[in-house]
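Shown next, in structure tokens, is the structure this report addresses.
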Amino acid sequence: MEQTIKIALVGAGMFGGDVHLRAYADLQRFGIAGQLARVGLDKFNRDLAPVKFDLVAVATRSQKSAEKSAAAFKEWTGHSPKCYFGDEPWHDILRDFPDLDVLAVATPDHLHTQPILAALAKGVHVLTEKPMCLTTHEADQIIEAARTQNRIVAVDMHKRYDPDHLRIRDDIQNRIGAPLYGTAFLEEPLEVSTSTFKWVESSDPF
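Numbering (the numbering used here), first residue to last: 18 to 223.
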């Protein structure tokens with residue numbers, strides 16, 4: 018039986034717009050071929066996929082940004098998600114889409130907790146950018162809400178699932194004994210305008 022996953026994106030800045038939105042466009046165009054464990058890799062997925070994907074809404078603080086993100090998504094997929102904007106646009110999304118499956122949270126770090134809790138209160142699963150939140154109190158609130166509603170809160174630790182990283186683990190498993198400690202370094206130069214991260218002063222968890 019074919020299934021459609023409905024998702025809404027809150028936050029369309031560097032991570033929301035450049036990463037989430039493009040990934041959802043691939044999913045929207047190609048679907049998910051679960052039996053092949055392949056996501057958006059080729060043109061045949063759409064015919065094989067039992068799971069379809071629908072980005073129903075995108076929300077940012079400003080109307081201009083929301084409309085720009087929706088227009089880009091339409092250019093990539095032919096589908097235009099509904100635009101929301103304001104200080105807490107997730108409330109309007111959750112009201113307008115009572116059958117929403119997933120709320121993706123890509124807001125600045127200090128603005129993760131409220132949309133996560135609002136989504137869980139409505140019985141909606143959550144995918145959030147890291148960090149999930151900034152305090153242990155907020156973490157306890159999220160954990161309790163997720164358990165109460167029996168919903169998933171997934172944190173985007175995408176490197177953990179990269180095939181190359183999994184291969185390293187598989188290659189050493191059962192060969193050199195149980196790993197006790199390990200370190201890894203990722204060098205990935207990235208130029209970011211200071212104005213892009215002007216909210217970072219509110220993101221210190223210490």
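Ideal placement from N, C-alpha and C gives every residue a C-beta, glycine not left out.
Three or more beta-carbon pairs drawn from the segment 69 to 89 and the segment 97 to 109 are found closer than 8 Å, and the two stretches are therefore classed as touching. For the set L120, A201, I159, the Cα lying nearest the Cα of I185 is the one of A201. Here V36 carries a helix assignment [DSSP, helix/strand/coil]. Taking the Cα positions, M31 is about 10 Å away from P125. Annotation for A163: the continuous alpha helix (DSSP H) segment containing it runs 153 to 166. The beta carbon of K91 is closer than 6 Å to those of S97 in its chain, skipping five residues each way along the sequence. Less than 8 Å separates the beta-carbon of L151 from that of H127.
Shown here, H129 sits in coil according to DSSP, grouped into three states, outside any helix or strand. Taking C-beta atoms under 8 Å as the contact rule, Q45 and L72 qualify, at a distance of about 6 Å. Annotation for D187: the continuous alpha helix (DSSP H) segment containing it runs 180 to 189. With respect to V75, A29 sits close: the two C-beta atoms are nearer than 8 Å. With fewer than 16 other Cβ atoms from the protein chains shown falling within 10 Å of its own Cβ, G140 counts as exposed. Counting along the chain, the unbroken alpha helix (DSSP H) around D113 starts and ends at 107 to 113. In this structure S82 is buried. Its beta-carbon is surrounded by 16 or more other beta-carbon atoms within 10 angstroms. The residue among N191, A121, E204 with its C-alpha nearest the C-alpha of K147 is A121. Non-local C-beta neighbours of H108 in its own chain, meaning closer than 7 Å and more than five positions away in sequence, comprise A135, ordered along the chain.
T21: member of the beta strand (DSSP E) spanning 20 to 27, first to last residue. For F70, the secondary structure class from DSSP, reduced to helix, strand or coil, is strand.
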